[in-house]
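Each remark here refers to the structure printed beneath this line.
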Amino acid sequence: MALTGKAVVAMWWHIAPEQRCEFLDWHTHEHFPERLHIPGFQRGARWASEDNDTGFFVMYELSDREVLAGPAYLARLNDPTPWSVKMMRHHAGMVRSLCQVTASAGAGVGRYMLTLRLTPTMEGARQLRTHLEELVNKLPTRRGVTGAHLLERADVGKVAQTQEQRIRGHDQAADWVFLACGYQAEPLRDLLASELAPNALEPQGATALDESTKGARAAGLYGISATLSAAEV
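Residues 1 to 233 (the working numbering) make up the sequence shown, in order.
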């Protein structure tokens with residue numbers, strides 16, 4: 001899977017099982033098309049957790065990061081539909097990051113997406129970036145893998161809290177995001193015990209934080225649930 005633009009909105013949240021069916025209907029039939037009508041939004045993808053029955057990862061690919069602070073996007077965030085107002089109240093544990101694409105390699109969309117949120121140390125960012133860029137370029141040739149990407153939180157200037165954020169409450173944010181997409185789950189899970197393990201990344205400049213700590217490294221495996229491109233709406 002190769003990303004189509006230079007920027008990404010990456011989001012993680014949980015939906016209670018009793019809200020799941022309506023959430024999927026809303027997100028597929030209203031929210032996805034609404035977002036993909038915004039100029040600069042190129043593709044959206046929703047992935048459901050393979051580790052539990054509540055987690056979701058959603059990613060929108062954008063032409064560039066200026067879209068994130070543009071009037072069309074902000075207008076949409078400040079004027080949610082009644083159905084959006086209803087459903088966003090059920091978004092729990094929201095992590096939302098506006099990112100620039102640092103590295104992207106691969107082709108095709110696999111069934112699974114591994115996501116890893118991490119933070120570099122103050123002095124280790126350059127070394128960690130170089131290390132992860134090399135990994136991005138190596139992974140797509142491996143068995144079970146179709147693509148890999150490195151995202152970094154983008155500086156889009158000061159943006160006032162939007163109406164959607166007020167509905168959800170305070171959003172957390174990821175500093176860096178490493179993504180690996182593939183057609184087999186185990187090779188992706190194996191990365192968490194090898195190249196993406198804490199003892200592999202910390203010497204390269206990643207912070208050493210316990211997963212239970214707020215803002216810490218967090219990993220998850222997700223299965224494809226829906227995709228939509230701007231050309232389809």
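No residue lacks a Cβ here, since even glycine has one placed at the ideal position from N, Cα and C.
From a predicted model like this one, the values you see are computed outputs, not experimental measurements.
Do you know how far the Cα of residue j is from the Cα of residue i?
i, j, result
"residue 76", "residue 203", "42 Å"
"residue 11", "residue 177", "10 Å"
"residue 14", "residue 30", "19 Å"
"residue 3", "residue 140", "13 Å"
"residue 24", "residue 170", "23 Å"
"residue 143", "residue 86", "42 Å"
"residue 151", "residue 232", "26 Å"
"residue 212", "residue 186", "Because residue 212 carries a pLDDT of 37, less than 50, the predicted location of this residue cannot be relied on, and the following value inherits that uncertainty. The alpha-carbon atoms of residue 212 and residue 186 are separated by roughly 24 Å."
"residue 114", "residue 72", "31 Å"
"residue 65", "residue 153", "10 Å"
"residue 214", "residue 21", "Note on residue 214: pLDDT 45, under 50, position unreliable in the model; the coordinate value appears next. The straight-line gap from Cα to Cα measures roughly 30 Å."
"residue 103", "residue 8", "12 Å"
"residue 184", "residue 111", "7 Å"
"residue 91", "residue 168", "6 Å"
"residue 277", "residue 82", "The question about residue 277 has no answer, for the chain in this structure spans 1 to 233."
"residue 121", "residue 27", "36 Å"
"residue 125", "residue 205", "6 Å"
"residue 84", "residue 78", "11 Å"
"residue 1", "residue 107", "4 Å"
"residue 69", "residue 162", "12 Å"
"residue 207", "residue 47", "27 Å"
"residue 195", "residue 74", "38 Å"
"residue 236", "residue 67", "A question about residue 236 goes unanswered here, because the residues of the chain that appear run from 1 up to 233."
"residue 222", "residue 60", "16 Å"
"residue 123", "residue 132", "16 Å"
"residue 134", "residue 166", "39 Å"
"residue 127", "residue 36", "36 Å"
"residue 49", "residue 93", "14 Å"
"residue 179", "residue 51", "16 Å"
Can you name the start and end residues of the alpha helix (DSSP H) that residue i belongs to?
i, result
"residue 74", "71-77"
"residue 194", "Neither: residue 194 is in no alpha helix (DSSP H) and is coded neither H nor E."
"residue 227", "Per DSSP, residue 227 belongs to no alpha helix (DSSP H); it is in the beta strand (DSSP E), 218-229."
"residue 130", "125-138"
"residue 200", "198-201"
"residue 168", "163-168"
"residue 117", "Premise fails: residue 117 lies in the beta strand (DSSP E), 112-118, not in any alpha helix (DSSP H)."
My guess is that residue i and residue j are in contact by the Cβ rule of under 8 Å, so how many angstroms apart are they, rounded?
i, j, result
"residue 34", "residue 88", "In fact, because the Cβ distance is near 13 Å, the residues do not count as touching under 8 Å."
"residue 197", "residue 148", "So it is not a contact: roughly 16 Å between Cβ atoms."
"residue 146", "residue 181", "5 Å"
"residue 218", "residue 117", "5 Å"
"residue 95", "residue 172", "5 Å"
"residue 38", "residue 109", "The pair is not a contact, with the Cβ atoms about 22 Å apart (cut-off 8 Å)."
"residue 80", "residue 54", "That pair is no contact at about 22 Å."
"residue 5", "residue 63", "5 Å"
"residue 155", "residue 119", "With a Cβ gap of about 16 Å, residue 155 and residue 119 do not count as contacting."
"residue 220", "residue 32", "Residue 220 to residue 32, Cβ: 21 Å. No contact."
For the beta strand (DSSP E) that contains residue i, what are its first and last residues?
i, result
"residue 14", "7-14"
"residue 153", "145-153"
"residue 24", "Taken as a continuous stretch (DSSP letters only), residue 24 belongs to no beta strand (DSSP E), being part of the alpha helix (DSSP H) at 20-26."
"residue 177", "176-182"
Open item on the list: Would you call the stretch 218-232 in contact with the stretch 40-47, where contact means no fewer than 3 C-beta pairs closer than 8 Å?
Closed with: yes
Open item on the list: In chain order, what are the residue ranges of uninterrupted beta strand (DSSP E) at least 3 long that sit wholly in the stretch 37-110?
Closed with: 41-49, 55-62, 92-106
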